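Okay, so here's the structure we're looking at.
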Amino acid sequence: MEWRQSTIRPEPDRGGCLAAGGWLASGFQCEHGRPMSASPAQPSDGTVRQPPLDTRYLVETPEGIDLVLHPAGLVPRALAFAVDLMVRGLILLLAFLLLGQFGELGMGLASLTFFLVTWWYMVLFEVLNQGRSPGKQLLGLQVLHDDGTPVGWAASLTRNLLRVVDLLPFGYSLGILSCLAHPAFKRLGDLAAGTLVVYRERAQPRPSLPEVAAQPLPFALQADERRALLAFAERQAGLSTGRRRELAGILAGPLQVPEAQAEARLLGIARELMGPS
Amino acid sequence: MKQNAFERRHQAEWQAFARQLDALEHGKAGPDSRQFPAAYRRLCRQLALAEQRGYGSRLVEQLQQLALRGHRQFYRHRSHLGARCIGFLLGGFPRLVREEWRLVLAASLLFYASLFGMGLLVYLFPELVYSLLTPEQVAQMEAMYDPDVSRLGRFGERSSAADWMMFGYYVMHNFGIAFQTFASGLLFGLGSLFFLLVNGLSIGAVAGHLSGIGYTDTFWPFVIGHGAFELTAITFSGAAGLKLGWALFAPGRLTRGEALRQAAACSVRLVAGVLLLLLVAAFVEAYWSSMTLPGAPLKYAVGVLFWGLVAAYFLLAGRTRHAPD
Chain P
1 MEWRQSTIRP EPDRGGCLAA GGWLASGFQC EHGRPMSASP AQPSDGTVRQ PPLDTRYLVE
61 TPEGIDLVLH PAGLVPRALA FAVDLMVRGL ILLLAFLLLG QFGELGMGLA SLTFFLVTWW
121 YMVLFEVLNQ GRSPGKQLLG LQVLHDDGTP VGWAASLTRN LLRVVDLLPF GYSLGILSCL
181 AHPAFKRLGD LAAGTLVVYR ERAQPRPSLP EVAAQPLPFA LQADERRALL AFAERQAGLS
241 TGRRRELAGI LAGPLQVPEA QAEARLLGIA RELMGPS
Chain D
1 MKQNAFERRH QAEWQAFARQ LDALEHGKAG PDSRQFPAAY RRLCRQLALA EQRGYGSRLV
61 EQLQQLALRG HRQFYRHRSH LGARCIGFLL GGFPRLVREE WRLVLAASLL FYASLFGMGL
121 LVYLFPELVY SLLTPEQVAQ MEAMYDPDVS RLGRFGERSS AADWMMFGYY VMHNFGIAFQ
181 TFASGLLFGL GSLFFLLVNG LSIGAVAGHL SGIGYTDTFW PFVIGHGAFE LTAITFSGAA
241 GLKLGWALFA PGRLTRGEAL RQAAACSVRL VAGVLLLLLV AAFVEAYWSS MTLPGAPLKY
301 AVGVLFWGLV AAYFLLAGRT RHAPD
């Protein structure tokens, strides 16, 4: 979790509680979602989307929602490539052992196999297996078009043919540099093909809110403040006691409770926000 | 509406949607697939509502994941690959080549100029061949086209059963060169220029040398047939690479990234055409060019026919966009 103290901005016109609420919210924003705007000129009512602070990649769809993609960085992609390299080596080894016994016909078939495995292994898997070569599947990665749709023949062929350039001048140097420099970790082939390697979405376990009695809201809350409170309640099981107290203590002033009771009060308010279950 | 009430109201719907997605992701259109677009739009609306009302991130993330999977199914680029291939073969490919005639011309000029220039130079000054090829390579070439052997090409003295081996070898070798020529165009076109030049020079050197030492009757009938497809394919892959380089060099009114993406979408189609040409070339090279049974005149005639076919295809095919009534 990333705490950005620099985003605290005292706001005389809206009172200290909002500033503190924004502060709590901004603490969660790296994982939770949209960066909070605390400037009075742009009220953060939850509808104004700003570029995220982390590496999440937003794709706006015709339905008026944002798809949230998580581009994969250099290390998982390199690992996936290493796995694919081993799989390919294994296929070739088996093919040569098997076809080597058929003389010249076998030699021809072996060269064809070599050609297929060298140039088409990635393309075939990516197009026919929902953007996943075996290595990517193992590491939970997937290739998509920039607009979030599954990768097609043209884009997959482009990104895999241009892999030759990423390999230059030695050991994937250009690809690594491009991957490290790009906000969505694209290598040159991805840039040209308009593709993106992302983590596949995983089902999140349902967090359990602590069983406390609901408490009424002390004052009306903005959408982002509600989100921050709920995020605190959903994640409190993963935080240490001291950390929870410290986080909740920030809001002790606006809530007008002693610091020791702030946590219970916050959880109670979160209960109220969720409504009767 | 409180979050729990919202979830209770829509939970069943979301579960049904997830089941539908599971079916679609496994390639099965479930019985309720007709309702899928409507269900997807409803889900998007619910996601927007959940975000606007400031519901907890766990619920919002769950809906986002469903929306992402729905989007992937709904906007999948589904097309009839076979129909598209046939359309590309009948009209799309020649049209594309004519559209990119400047780059094709530039690549062809570079390639053929270096080929014929080097060929002429080596023919006139035979020792020049050793500036490009090692003596072993020259000796190997000479052995391949020795007029005394009955089957030509690499691994000269082979049986017809070995045609398969040759086919595999030619596919691997030629596709490698073509792909390299294309991909290295990403380096501002320099790579494509380099490979066009080097291939032109070395083919020219071999041709000039073999003509110089009087192997004309074996070399030229051998190469003229598949050369129509192979050399054309190499110039086209060079043109595709130059297109990438040109987009980076002079992106026009687009950003370089956008220009590169558009150029790549176009040039990858050119490369798909190159694949077809090379496949034909490999067949011709393995099964027709290597035969010595047909005499040289017949081979020249067929070679000219192939060149004429290739020229006619790229100049004339696909001129009418619609099928005639």
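First to last, the sequence lines map onto chains P and D.
Residue numbering for the first sequence follows UniProt numbering, starting at 1 and increasing by one per position.
Residue numbering for the second sequence follows UniProt numbering, starting at 1 and increasing by one per position.
Where is the CB? At the ideal position from N, CA and C, for every residue including glycine.
All values derive from a computational prediction rather than experimental measurement.
Q: Could you tell me which of D:T255, D:L197, D:R269 sits nearest to L110 (chain D), measuring between CA atoms?
A: Nearest of D:T255, D:L197, D:R269 to L110 (chain D), Cα basis: D:L197.
- Query: With a Cβ-Cβ cutoff of 8 Å, do L201 (chain D) and L132 (chain D) count as a contact?
  - Reply: yes
Query - Boundaries of the alpha helix (DSSP H) in which L58 (chain P) is found, first to last residue - result: Taken as a continuous stretch (DSSP letters only), L58 (chain P) belongs to no alpha helix (DSSP H), being part of the beta strand (DSSP E) at 57-60.
- Task: Compare the C-alpha of H145 (chain P) against each of P:G135, P:L157, P:L139, P:P134 and name the closest.
- Result: Of the listed residues, the one whose Cα sits closest to H145 (chain P) is P:L157.
ask   = Could you give the distance in angstroms between the alpha-carbon of P210 (chain P) and the alpha-carbon of F170 (chain P)?
value = 55 Å
- Could you check how far apart the C-beta atoms of P147 (chain D) and Y215 (chain D) are, in whole angstroms? I think they sit under 8 Å. 6 Å
Original post:
With burial defined as no fewer than 16 other Cβ atoms inside 10 Å of the residue's Cβ, what is the status of D54 (chain P): buried or exposed?
Top reply: Per the 10 Å Cβ criterion, exposed.
I need the boundaries of the beta strand (DSSP E) containing Q262 (chain D), first residue and last residue. Run containing Q262 (chain D): none in the beta strand (DSSP E); it sits in the alpha helix (DSSP H), 256-283.
Simplified DSSP state of V198 (chain D), which is helix, strand or coil: Helix at V198 (chain D).
Discussion item. Taking the alpha helix (DSSP H) that L161 (chain P) belongs to, which residues open and close that run?
Written reply: Where L161 (chain P) is concerned, the enclosing alpha helix (DSSP H) starts and stops at 153-161.
| request: Evaluate K186 (chain P) with the Cβ neighbour count: other Cβ atoms within 10 Å of its Cβ, from every protein chain shown; 16 or more gives buried, anything less gives exposed. | output: buried
So what does DSSP say about L133 (chain D), is it helix, strand or coil?
coil
Looking only at DSSP bridge pairs, what is T195 (chain P) linked to?
P:H145
- Can you find a C-beta in chain P that's less than 8 Å from the C-beta of V271 (chain D)? Closer than 8 Å to some Cβ of chain P, the Cβ of V271 (chain D) qualifies, so yes.
**Report entry** Partners in chain P for N4 (chain D), counting only beta-carbon separations shorter than 8 Å
**Finding:** Result: M274, G275, P276, S277.
What is the rounded straight-line gap between the Cα of F314 (chain D) and the Cα of V274 (chain D)? 13 Å
Exercise for the section: Count the C-beta pairs between the stretch 206-215 of chain D and the stretch 86-101 of chain D that are closer than 8 Å, then say yes if the count reaches three, no if not. Expected result: no
task: Identify whether P126 (chain D) lies in helix, strand or coil by the three-state DSSP scheme.
output: helix
List, in chain order, every chain P residue whose beta-carbon is nearer than 8 Å to that of residue 386 (chain D).
Outside the displayed range of chain D (1 to 325) lies residue 386 (chain D), so it cannot be described from this structure.
With 7 Å as the limit, tell me which residues of the stretch 134-159 of chain P have their beta carbon closer than that to any beta carbon of chain D; keep them in chain order.
G148, T149, P150, G152, A154, L157, T158
- Task: Could you confirm whether any beta carbon from chain P is found closer than 8 Å to the beta carbon of R261 (chain D)?
- Result: yes
Looking at chain D, is there any beta carbon in it that lies within less than 8 Å of the beta carbon of G108 (chain P)?
yes
Give the secondary structure of D22 (chain D) by DSSP, where H, G and I count as helix, E and B as strand, and everything else as coil.
helix
Check: Name the chain D residues whose beta carbon is nearer than 7 Å to that of T61 (chain P)?
Finding: In chain order: H71.
- Message: Cβ closer than 7 Å: which chain D residues qualify as neighbours of I65 (chain P)?
- Response: C44, L47, A48, A67
| task | Taking C-beta pairs closer than 7 Å, name the residues in chain P that V268 (chain D) reaches, listed in chain order. | result | A154, L157, T158
Notebook entry, point to check: Of all the residues that make up the stretch 95-126 of chain D, which are near chain P by a beta-carbon distance shorter than 7 Å?
Noted result: none
* Would you list, in chain order, the members of the stretch 70-93 of chain D that have their beta-carbon closer than 7 Å to a beta-carbon of chain P? => Along the stretch 70-93 of chain D, going in chain order, the ones with a CB nearer than 7 Å to a CB of chain P are H71, R72, Y75, R76, H77.
- request: Pull up the CB-CB distance for R261 (chain D) and A181 (chain P), whole angstroms please, since I reckon it's below 8 Å.
  value: Not quite, the Cβ-Cβ distance comes to about 17 Å (not below 8 Å), so this is no contact.
Quiz prompt | Classification of R8 (chain D) by the beta-carbon crowding that lies within 10 angstroms, buried from 16 upward | solution = With fewer than 16 neighbouring CB atoms inside 10 Å of its own CB, R8 (chain D) falls in the exposed class.
Report task. Compare the C-beta of R206 (chain P) with all C-beta atoms of chain D and state if any pair is closer than 8 Å. Result -> yes
Quick one: using the 10 Å Cβ neighbour count with 16 as the cut-off for buried, is G102 (chain P) buried or exposed?
Checking the sequence, you will find Phe at residue 102 (chain P) rather than Gly. Result: exposed.
Contact set between Q11 (chain D) and chain P, taken where Cβ atoms lie within less than 9 Å: Going along chain P, no residue has its Cβ under 9 Å from Q11 (chain D), so there is no contact; the nearest lies around 12 Å.
Query raised in the report: Can you tell me whether DSSP reads D32 (chain D) as helix, strand or coil?
Result: In the three-state reduction of the DSSP assignment, D32 (chain D) falls in the coil class.
Spatial neighbours of G33 (chain P) within its chain, please: CB distance less than 6 Å, with the 5 preceding and 5 following residues excluded, ordered by chain position.
Confidence is the limiting factor: at G33 (chain P) the pLDDT is only 36, short of 50, which leaves the residue's position unreliable and the question unanswerable from this model.
With H, G and I counted as helix, E and B as strand and the rest as coil, what does DSSP make of L164 (chain P)? One detail in the question is off: residue 164 (chain P) reads as Val in this sequence, not Leu. Looking at V164 (chain P) - three-state DSSP - the assignment turns out to be helix.
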